[in-house]
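Anchor point for the sequence shown: position 35 equals 34 in numbering that gives the first Met the number 0, and the numbering is continuous, going up by one each time.
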Amino acid sequence: MDLSALYTPVQEDLDRLRSVMEQELASDDPFIAELVRHVLQTRGKMIRPALVCLSAQASGGAGDARLWIAAALEFIHVASLIHDDIIDDADLRRGLPTVNVQWGNQIAVLLGDYLFAKAFDLLSRVRHTEVAPTVAEAAVKMSQAEIMQIKYGQQPHGDEDVYLRIIAGKTAYLFSAACKAGALVAGNTIAADLLGTYGLQWGMAFQITDDALDLTSREESLGKPIHSDIKSGKVTLPVIRALRDATPEDRDRLTRLLAGPARDGEREELHHLLQRYHGIDYALDVAGHYARQAAAALGPLPAGSAKDSLLALTEFVVVRSR
Numbered sequence: 000m001d002l003s004a005l006y007t008p009v010q011e012d013l014d015r016l017r018s019v020m021e022q023e024l025a026s027d028d029p030f031i032a033e034l035v036r037h038v039l040q041t042r043g044k045m046i047r048p049a050l051v052c053l054s055a056q057a058s059g060g061a062g063d064a065r066l067w068i069a070a071a072l073e074f075i076h077v078a079s080l081i082h083d084d085i086i087d088d089a090d091l092r093r094g095l096p097t098v099n100v101q102w103g104n105q106i107a108v109l110l111g112d113y114l115f116a117k118a119f120d121l122l123s124r125v126r127h128t129e130v131a132p133t134v135a136e137a138a139v140k141m142s143q144a145e146i147m148q149i150k151y152g153q154q155p156h157g158d159e160d161v162y163l164r165i166i167a168g169k170t171a172y173l174f175s176a177a178c179k180a181g182a183l184v185a186g187n188t189i190a191a192d193l194l195g196t197y198g199l200q201w202g203m204a205f206q207i208t209d210d211a212l213d214l215t216s217r218e219e220s221l222g223k224p225i226h227s228d229i230k231s232g233k234v235t236l237p238v239i240r241a242l243r244d245a246t247p248e249d250r251d252r253l254t255r256l257l258a259g260p261a262r263d264g265e266r267e268e269l270h271h272l273l274q275r276y277h278g279i280d281y282a283l284d285v286a287g288h289y290a291r292q293a294a295a296a297l298g299p300l301p302a303g304s305a306k307d308s309l310l311a312l313t314e315f316v317v318v319r320s321r
């Protein structure tokens, strides 16, 4: 399934958005300009901006404010990735060196802060009074979840409820804010509640699938090192399920495999154990459940191309390969 085809109803918005982002991040300082070029070069699938614009359109609205919101959501997302890369000591992001590798941790921290500041500068221009608090609440939850992940998300055997709380905060609430804010700026508070639910459920499906892909994809297709969650000590849903169902002997073996950097033969053994105890299949089943909940939330919205794309995204989220 081609993601770009699902963006068709808002492709013009996304084309304009790049200019908005370049303009908002423009700087007379050559070093900051270099950092900004790197940020814009490494932008990803632009899912959050697309969800803002699709939600605004599905709610019957337009206006340039949606582009400010879309840019703000992308800046917050990129800032969180820059900070994540510092925490994880990552060296590759979307096929390019991370900011922390290229310029050091100090610059990476400050660049993330700069993007957060620019995001809320943009949101301050949006007249609808609920938009900025909606996004701010999601940013607070994201920060809390990052702390929770460091404190609780690296326990040897993991806990499914804790894992779900962490990914809700780290990922799903920002998707929810993107969808809700798009509807709010369109002036449709009823749609805002529906789309906020859609975004939350879709975000859960997205992150669970992402965690499964970390264990099953090739590095060149994922755009970052595989097994990055394991290397940074994060215990994700496929692993939690396998550890729960494994025999004591296999549980000990899994724990040892997860404890250190995996060589090629050990990666194959890890995959074998995850398959034996249905860790990947279970995670994808849970992701599918959340995707169906997301689709159900769209039911009351009027028919249209934007709604069709949002529905199609609930299928894409669990079948994607990157």
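We put the beta carbon where it would ideally sit given N, CA and C, even for glycine.
Please read all numbers here as calculations on a predicted model, not as lab measurements.
Which residues in the same chain as residue i place their Cβ atom closer than 6 Å to its Cβ, once the five residues preceding and following it in sequence are excluded?
i, result
"L109", "none"
"S308", "L5, P8 and L53"
"E11", "none"
"A282", "I207, A211, L236 and P237"
"R240", "G278 and Y281"
"M20", "A70"
"E159", "I239"
Using CA coordinates, which residue listed in the options is at the minimum distance from residue i?
i, options, result
"R36", "K44, P48 and E23", "E23"
"E314", "P247, H288 and E267", "H288"
"V238", "E248, D210, T246 and E265", "D210"
"H127", "D14, R319 and G62", "G62"
"H76", "T208, I279, T254 and A176", "A176"
"A167", "W201, L193, G181 and D284", "W201"
"T170", "Q148, R255, G157 and D28", "Q148"
"L173", "S26, V51, A107 and L114", "V51"
"V38", "N99, L13 and A55", "N99"
"D244", "G157, Y162 and L121", "G157"
"A302", "D251, A57, G103 and Q40", "A57"
"I31", "I106, L95, D88 and A78", "I106"
"F115", "L95, A144, D87 and E73", "E73"
"K322", "K150, V130, Q40 and G181", "Nothing about residue 322 can be reported from this structure: the residues present for the chain run from 0 to 321 only."
"E248", "A258, L272 and V234", "L272"
"A293", "D251, R252 and L193", "L193"
"A138", "L163, A89 and G111", "G111"
Using three-state DSSP, classify residue i as helix, strand or coil.
i, result
"L297", "coil"
"R255", "helix"
"R36", "helix"
"R319", "coil"
"R65", "helix"
"R92", "strand"
"T324", "Summary: the structure shown does not reach residue 324, with the chain confined to residues 0 through 321, and so no result is reported for it."
"A302", "coil"
"N99", "helix"
"R164", "helix"
"V238", "helix"
"M45", "coil"
"S142", "helix"
"K179", "helix"
"L221", "In this prediction, L221 scores a pLDDT of 47, lower than 50, which makes its location untrustworthy; no coordinate-derived value is stated."
"A78", "helix"
"S26", "coil"
"T196", "helix"
"Y113", "helix"
"Y129", "Rather than Tyr, the amino acid found at residue 129 in this sequence is Glu. Of the three classes helix, strand and coil, the one that applies to E129 here is coil, per DSSP."
"R124", "coil"
"Y281", "helix"
"S58", "coil"
If we count the other Cβ atoms within 10 Å of its Cβ and call it buried at 16 or more, is residue i buried or exposed?
i, result
"E267", "exposed"
"I146", "exposed"
"T133", "buried"
"I279", "buried"
"S18", "exposed"
"V184", "buried"
"V318", "exposed"
"V316", "buried"
"R255", "exposed"
"R275", "exposed"
"S304", "exposed"
"S26", "exposed"
"I189", "exposed"
"A285", "Before going on, a small fix: residue 285 reads as Val here, not Ala. Under this definition V285 is a buried residue."
"K179", "buried"
"T246", "exposed"
"A258", "exposed"
"K150", "exposed"
Sorted by chain position, which residues of the same chain lie with C-beta nearer than 7 Å to residue i's C-beta, five sequence neighbours on each side aside?
i, result
"A135", "none"
"E219", "Residue placement at E219 is flagged as unreliable, the pLDDT there being 46, under the threshold of 50; a coordinate-derived value is accordingly withheld."
"L16", "P48, L66, A69 and A70"
"G59", "A185 and N187"
"A311", "L5"
"S79", "M141"
"T191", "One detail in the question is off: residue 191 reads as Ala in this sequence, not Thr. For A191, where only same-chain residues beyond five positions count, the Cβ hits under 7 Å are K179, A182 and L183."
Leaving aside the five residues before and after residue i along the sequence, list all residues of the same chain whose C-beta is less than 8 Å from its C-beta, in chain order.
i, result
"R124", "A64 and W67"
"K44", "L2"
Cβ contact check for the stretch 78-91 and the stretch 191-208: 3 or more pairs under 8 Å = no
Three or more C-beta pairs below 8 Å linking the stretch 191-200 and the stretch 295-307 = Under the three-pair Cβ rule at 8 Å, the stretch 191-200 counts as touching the stretch 295-307.
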